[in-house]
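Asker: For the first sequence, the positions run -4 to 641 when the numbering used here is used.
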Amino acid sequence: MIHITFPDGSVREYAKGITGFQLAESISPRLAAEVLAIGVNGVTLDLSRPIENDATIQLYKWDDPEGKHAYWHSSAHLMAEALQELYPGIKFGIGPAIENGFYYDVDPGEAVIKESDLPAIEAKMAALAASKELIVRKEISKQEALDFFKQKGDEYKVELISDLTDGTISFYSQGDFTDLCRGPHLQNTGEIKAIKLLSVAGAYWRGDEKRKQLTRIYGITFPKKKMLDEYLAFLEEAKKRDHRKVGKELELFTFSQAVGAGLPLWLPKGTILRNRLEDFLKRIQKRFGYQQVITPHIGQKELWVTSGHYAKYGKDSFQPIHTPQEGEEFLLKPMNCPHHCEIYKAFPHSYKDLPIRYAEFGTVYRYEQSGELHGLTRVRGFTQDDAHIFCRPDQLKDEFLKVMDIIFIIFNALDFKNFEAQISLRDPNDREKYIGSDENWEKAERAIVEACEEKGLKANVVLGEAAFYGPKLDFMVKDAIGRRWQLGTIQVDYNLPERFDLEYTGADNQKHRPVMIHRAPFGSMERFVAVLIEHTGGKFPLWLTPEQAVVLPISEKFNEYAHQVAQQLDLKDIRVSVDDRNEKIGRKIRDNELKRIPYLLIVGEKEMEAGVVAVRKQGEGDQGAKTVDAFAADINAEVEKMMKVF
RNA sequence: GCUGUUGUAGCUCAGCGGUAGAGCACUUCCUUGGUAAGGAAGAGGUCAUGGGUUCAAGUCCCAUCAACAGCUCCA
């Protein structure tokens, strides 16, 4: 007999060799029907694996990542099996489960697999799943494994096996398909009910661009058809919110081939939005003791030679600008830090002056690879909501806490309710590659960890992800439909103060090196606006939106009154326009609703005579009549209320 | 940067060797309306750019530029 400890701490006795599935059965048939994998002493295994010794176990269902992982991994195998039947001789690379579904990299030889072939593969998968093939695990020696795939002619698998250690290799088989795999897997293919293959793409073998490109097929599966339908609806929703599409529809920004790839042009409405965001952040920063500065878009090449960036990125950047003057070279600035360091250096500093916080909406230019460019989230010219804090080492934690406060205010104001953080620390095994003293690093790392704890912030600590010049804290938000985006960042820097020879005079009358903090709560204006669009679907909060209200005259007879109303509202700083097209009111309402304008003000005979407007609120319909002044007061009160919160 | 796909009217797209098309948007006219699409007429395109093949090229081929997807990358 063996003792099995359950997650709730209870212990039960079972016969030696019991499988995970039998364990689940012993608890309830329903659990047995839902369980997908089992964790045995922290290792996820197949349900069919016998348990030989005392163990602490956890049964994984669909809602557990481990359960989904097994499910999708088996789905990848199912797809491979289908491919093998449809494309005899096809060779297989790797086929893992991913965050949403799975993929398999395959080499179909002469054949070409196109998006239009996917339904046929799906149908084959469904047929194979319906036959409920058992998935069987077999441990195998390295030699046998090599022989098997050599004979099959699957050179990719042979290569993978060559890198494995004998004794750790296992095969999984179902029907006529056998794959090299660590598992775990489902017990049989029949559990896979709803199947959708999503796309085909090229991917290099082992991610190496010098090696052969394989065909990668992405798919997703679910235990219930309804779940698949919901997922497909989610993809549709994501498409509708795509900031590139919404940005065009709402006339926020555009790109021009003539201007160049990755160089966004902000349209008037997008500019209003962006200016509102900038003003908002400036207001908060002022309260937190920041000073705005402005620096040029270029600087002498030497500046980045000094900072060390030229050596590291110079070759892959926009190249130096040459002037008529012999030997002069300027660079478009890829970051604002050196300029701010020079501002710091313009005066001598006492320890009493610190911290000094210089903020700038600084536009920078980075030559991103052409294939990386994507809407506003990855561009070649963008504006960072940048600031550099120069402080004493003992002020580091306090400054971190303050920056976090700013970030929380922003997230709160823009209704990002779900966020988490990642703390990137040094690789403890490779201290050589980091600049700065051990003492400072430890102090900084401790400051970050403690700051997160004090704020009750859920933070994921990752070792080895720190920049060579300092540890950092990155923020990830979840948007309204659950997607994760990386936004703000706070980074400690020991490198630049050193390289720029920054100093302050301490209480001991000695020169000391300040610590520098880089921080950008939005990340960049471009990226933030993109995320905000995808988060809100283009329905921006009232204080931010480029157009707060539009006046809709019922007929042309009321156009004059409509313009009077608009003028009156404009005097009260409300962003308003008039839709005086020769169209029926229903049409005007529809068009302006689609423009996501929060308030539609309908004016006809009744309103004109009474000197009022009929208010229609976005998504809520008719709100009744109000005087123009009352409406203006309400709007401004609503905005004011929101602004007060932060 | 690599691989693949795509580029036709302001937008969304059809046409795929033989005189440039639709819907929406736009202009004009009719209509003057009451809470999510009123009607008619009209205007608008060197078919991304540059070469080539052909009697003939949006249509086939090559290059460049750009977009999209994936890979690789992101100070």
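C-beta atoms are modelled at their ideal positions from N, C-alpha and C, and glycine is treated no differently.
Note that this is a predicted model, so its numbers are computed, not measured.
Beta-carbon within less than 7 Å of GLY34's beta-carbon, same chain only, minus the 5 sequence neighbours each way: which residues are those?
Answerer: Excluding residues within five positions, the ones whose Cβ falls inside 7 Å are ILE52, GLN53, TYR55 and GLU61.
Asker: By DSSP, does MET(-4) sit in helix, in strand, or in coil?
Answerer: Reduced to three states, the DSSP call for MET(-4) is coil.
Asker: Whose CA, out of GLY242, ASN407 and LEU458, lies closest to the CA of LYS473?
Answerer: Minimum Cα distance to LYS473 is reached at ASN407.
Asker: Starting from the Cα of ALA189, find the closest Cα among ASN331, PRO114, PRO259 and GLN146 and give me that residue.
Answerer: Among ASN331, PRO114, PRO259 and GLN146, the Cα nearest to that of ALA189 is on PRO114.
Asker: Nearest to LYS601 by alpha carbon, out of THR622, LEU247 and ARG591?
Answerer: Comparing Cα positions, the closest option is THR622.
Asker: Measure the C-alpha to C-alpha separation of TYR464 and SER70 and round it to an integer number of angstroms.
Answerer: Cα to Cα, the separation comes out at about 43 Å.
Asker: How big is the Cα-Cα spacing for LYS534 and GLY606?
Answerer: Cα-Cα distance, rounded: 29 Å.
Asker: How many angstroms separate the CA atom of ARG611 from the CA atom of ARG239?
Answerer: So the alpha carbons of these two residues sit roughly 28 Å apart.
Asker: Helix, strand or coil, according to DSSP, for VAL560 in the structure here?
Answerer: VAL560 falls in the helix class under three-state DSSP.
Asker: Would you mind reading off the limits of the alpha helix (DSSP H) that contains LYS296?
Answerer: Note, LYS296: alpha helix (DSSP H), 296 to 302.
Asker: Suppose contacts are defined by Cβ-Cβ distances below 7 Å. Is ARG361 in contact with GLY257 by that definition?
Answerer: Cβ distance not < 7 Å, so ARG361 and GLY257 don't count as in contact.
Asker: Answer yes or no: do PHE248 and PRO259 have a C-beta to C-beta separation smaller than 7 Å?
Answerer: For PHE248 and PRO259, yes; Cβs fall inside 7 Å.
Asker: Within the continuous alpha helix (DSSP H) that includes VAL241, where are the two ends?
Answerer: Taken as a continuous stretch (DSSP letters only), the alpha helix (DSSP H) holding VAL241 covers 238 to 244.
Asker: Hey, would you say LEU349 sits closer than 7 Å to CYS386, going by beta carbons?
Answerer: Yes, they are a contact pair.
Asker: Got a sec, what are the start and stop residues for the beta strand (DSSP E) THR184 sits in?
Answerer: From DSSP, THR184 is part of no beta strand (DSSP E); its letter is neither H nor E.
Asker: If you reduce the DSSP assignment to three classes, tell me which class ASN455 lands in.
Answerer: The answer is strand: DSSP assigns ASN455 an E or B state.
Asker: What three-state label does DSSP hand PRO45 in the structure shown?
Answerer: Looking at PRO45 - three-state DSSP - the assignment turns out to be strand.
Asker: Just the C-alpha distance for GLY170 and ILE85, rounded to the nearest angstrom, thanks.
Answerer: In a straight line, the C-alpha of GLY170 is about 17 Å away from that of ILE85.
Asker: Taking only runs of the alpha helix (DSSP H) that begin and end inside the region 457 to 510, which ones reach a length of at least 4 residues, in chain order?
Answerer: If we require 4 residues or more, the alpha helix (DSSP H) runs fully inside the region 457 to 510 come out as 490 to 494.
Asker: On the CB-based measure, 16 or more other CB atoms within 10 Å of its CB, does GLN314 come out buried or exposed?
Answerer: Per the 10 Å Cβ criterion, exposed.
Asker: Expressed to the nearest angstrom, what Euclidean distance is found between the alpha-carbon atoms of LYS438 and GLN287?
Answerer: Between LYS438 and GLN287, the C-alpha separation is close to 29 Å.
Asker: Scan the region 74 to 154 and note each continuous alpha helix (DSSP H) run of 4 residues or more that stays entirely inside, going in chain order.
Answerer: The region 74 to 154 contains these whole alpha helix (DSSP H) runs: 113 to 125 and 137 to 147.
Asker: By alpha-carbon positions, which one of LYS412, ASP433, HIS369 and ILE402 ends up nearest to LEU276?
Answerer: Among LYS412, ASP433, HIS369 and ILE402, the Cα nearest to that of LEU276 is on ILE402.
Asker: Which first and last residues belong to the alpha helix (DSSP H) in which ALA525 is found?
Answerer: Looking at the DSSP string, the run of the alpha helix (DSSP H) that includes ALA525 is 520 to 531.
Asker: Kindly indicate the opening and closing residues of the alpha helix (DSSP H) around PRO647.
Answerer: Outside the displayed range of the chain (-4 to 641) lies residue 647, so it cannot be described from this structure.
Asker: Please report the distance separating the alpha-carbon of LYS347 from that of GLY532.
Answerer: Straight-line Cα distance between these residues: approximately 47 Å.
Asker: If we call anything under 7 Å between Cβ atoms a contact, is TYR213 one with TYR66?
Answerer: Their beta carbons are not under 7 Å apart, which means TYR213 does not touch TYR66 by this criterion.
Asker: Rounded to whole angstroms, what's the CA-CA distance from LYS152 to ALA233? Just pull it up for me.
Answerer: Computed Cα separation, rounded: 36 Å.
Asker: With which residues is TYR353 paired in a DSSP beta bridge?
Answerer: Bridge partners of TYR353: GLN286 and HIS383.
Asker: For GLU76 versus LEU123, is the C-beta spacing smaller than 7 Å?
Answerer: It is a contact, given that the beta carbons lie within the stated cut-off.
Asker: Take GLU94 and list the residues in its own chain whose beta-carbon comes closer than 6 Å to its own, dropping the five residues that flank it on each side.
Answerer: Correct list: empty, nothing qualifies.
Asker: What residues match up with ASP617 in a beta bridge as DSSP calls it?
Answerer: DSSP lists ARG611 as partners of ASP617.
Asker: Write down every uninterrupted run of the beta strand (DSSP E) in the region 363 to 445 whose length is 3 residues or greater and which is fully enclosed by it, in chain order.
Answerer: List check, beta strand (DSSP E) in window: 376 to 386 and 413 to 420.
Asker: Which whole-angstrom value describes the C-beta separation of ILE351 and LEU326, a residue pair presumed to lie in contact below a C-beta threshold of 8 Å?
Answerer: That belief does not hold up - the Cβ atoms of ILE351 and LEU326 are roughly 25 Å apart, past 8 Å.
Asker: Look at the Cβ atom of LEU209, then the Cβ atom of GLY88, and state whether they are nearer than 7 Å.
Answerer: Contact flag set, yes.
Asker: Note down the Cα distance separating LEU42 from PHE217, rounded to an integer number of angstroms.
Answerer: Going from the Cα of LEU42 to the Cα of PHE217 covers about 18 Å.
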